[in-house]
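In my numbering, the protein residues as written are 909 to 1180.
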């Protein structure tokens, strides 16, 4: 992004106005609008873009993305749009998997599931209607404590490069994070993730001792060679775009490709 563009985007009112115009009228190519976050669910676009760029640099021809917590399915439908565009940019095929129990939230187990926010039956899926709208996504339906244990053997997915965690509960997120303990061949060495319920408002009062944040903290405490960490290159970008604060990267330090040099390859990736 050149100096003129940076000046155009500041101060923030101009930034916000320009973004709305680009997004509403879809001005320019997808990658042009991506650079301005002028796309639907820019956080989905971001983690997919970064995962595809890493895959390209490491010579992976196919990767996967997972959404934990499908609900009505608007996220999966949006993912299909991003996948269509980003797979063309990097010439990397991307498979989409959506995990859900289809019957809405189960009863919260204790205070760690934030029962003051979530109730049994919320976010129920209309499976028939959703399947009629999806084109390429695969739905993995059932209790995450069971589907998380059979997924890799049943689907043998391409390496997972991006994950959306939107299970709301601490208990469900713990089960989803346990999947990271599987063979690292099922993952890129660094997996870009979006955790939906990690920041909020005075009603949600998310903290490090309940919900998704607690699940993340406990996972990091229990695992020496796999860590879920904040990407500090985004710190300067999160002043006006709160979703940057919800992006974390899972590092598989013992992955066969973790130490493989990619600097020059990432720089040489060109957009159309």
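Ideal placement from N, C-alpha and C gives every residue a C-beta, glycine not left out. Computed from a predicted structure; not experimentally measured.
Beta-carbon separation of residue i and residue j under 8 Å?
i: residue 1154; j: residue 1100; result: no
i: residue 1069; j: residue 1088; result: no
i: residue 1133; j: residue 1161; result: yes
i: residue 972; j: residue 1003; result: yes
i: residue 1044; j: residue 988; result: yes
i: residue 1011; j: residue 996; result: no
i: residue 1170; j: residue 966; result: yes
i: residue 968; j: residue 1067; result: yes
i: residue 993; j: residue 1073; result: no
i: residue 990; j: residue 956; result: yes
i: residue 944; j: residue 927; result: yes
Does DSSP put residue i in a helix, in a strand, or in coil?
i: residue 1007; result: strand
i: residue 927; result: helix
i: residue 1122; result: helix
i: residue 1160; result: strand
i: residue 1108; result: coil
i: residue 1049; result: strand
i: residue 1096; result: strand
i: residue 1069; result: strand
i: residue 1102; result: strand
i: residue 1135; result: strand
i: residue 1155; result: strand
i: residue 1130; result: helix
i: residue 1174; result: helix
i: residue 1084; result: helix
i: residue 1075; result: coil
What's the call for residue i, buried or exposed, on a 16-neighbour Cβ count within 10 Å?
i: residue 935; result: exposed
i: residue 1180; result: Unreliable placement is indicated for residue 1180, whose pLDDT of 40 sits below 50; the coordinate value is still reported in the next sentence. So residue 1180 ends up on the exposed side.
i: residue 1036; result: exposed
i: residue 1098; result: buried
i: residue 1174; result: exposed
i: residue 1000; result: buried
i: residue 1052; result: buried
i: residue 964; result: buried
i: residue 975; result: buried
i: residue 1140; result: exposed
Does residue i get closer than 8 Å to chain C when you measure Cβ to Cβ?
i: residue 1152; result: Among the protein chains of the structure shown there is no chain C, as only one such chain exists.
Got a sec? Which residues, its chain only, sit under 7 Å from residue i by beta carbon, not counting five neighbours each side?
i: residue 1060; result: 1090 and 1094
i: residue 1121; result: 1106, 1114 and 1115
i: residue 1166; result: 1097 and 1160
i: residue 1025; result: 1112
i: residue 1145; result: 1152
i: residue 1142; result: 1152 and 1155
i: residue 1123; result: 1078, 1081, 1082 and 1085
Tell me which same chain residues have a C-beta within less than 6 Å of the C-beta of residue i, skipping the five on either side of it?
i: residue 947; result: 941 and 953
For residue i, which residues from the same chain have a beta carbon less than 8 Å from its beta carbon, with the 5 sequence-adjacent residues on both sides left out?
i: residue 1038; result: 978, 980, 981, 984 and 1047
i: residue 950; result: 942, 1149 and 1151
Whole runs of the beta strand (DSSP E) within the segment 946-1009, excluding any shorter than 3 residues:
Entirely contained in the segment 946-1009, the beta strand (DSSP E) runs reaching 3 residues are, in chain order, 970-976 and 1001-1008.
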